[in-house]
Structures are given as structure tokens and as C-alpha cells.
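Structure, as C-alpha cells:
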Amino acid sequence: FDMPSDAQRMNIIRSMIDEGMGKNIVIAHDICTKHRLVKYGGHGYGYILEHIVPRMRSRGFSEGEILDITQNNASRLLTIS
């Protein structure tokens, strides 16, 4: 099973934002086993902030879009009232 590349994922996210779904997008790490940690050769917990967010900026994502995707949406969607 081939996973989409980071570039493909960013293209999908861009399309979803352009279609008005930006407030429903949450990105996260899939670190469920130790081999995903930097110590064992994986990307580690910093990958999104250190690699993906700068690439999103270079692709024209606004700071507001990035903040929504990385923080605001998860905070809103995971809040129990």
C-alpha cells in the first residue's frame, strides 16, 4: 500500500481549503511505534513543525490557514462542552 507523498498531501489540503473545508482539517503525526521516533530512524514528533509547515509557507498557505490546520481546528473539534 503506497502512501501519498508530503507534496501530494499538501495538494489535497490546498484543494480542501479552496473548497471551503479549511475549518475541518486537522493534521497529525502517526507515531504509534518506536521506529517512527528519530532515535530509531523515523521522522519524529518535530516533523510537521520543522518540515511540513515551512513547505506549506513556501507553497502559499497563509499563516491563518496553517494555524487552523495545526492548532485551532483540533482545539475546537476536540472540545467537549
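First residue of the sequence shown: 265, per the working numbering; consecutive thereafter. We put the CB at the ideal spot given by N, CA and C, even for glycine. Just so it is clear, the structure is predicted and the values come from calculations on it, not from any experiment.
Across the set S279, G306 and Q335, the C-alpha of Q335 shows the shortest separation from the C-alpha of V317.
At the C-beta level, L341 and V302 stay beyond 8 Å of one another. For the stretch 297-326, the continuous alpha helix (DSSP H) assignments of 4+ residues that do not extend past its boundaries occur at 317-322, in sequence order. Around the beta carbon of F325, 16 or more other beta carbons lie within 10 angstroms, which makes this residue buried. Taking the Cα positions, L313 is about 26 Å away from F265.
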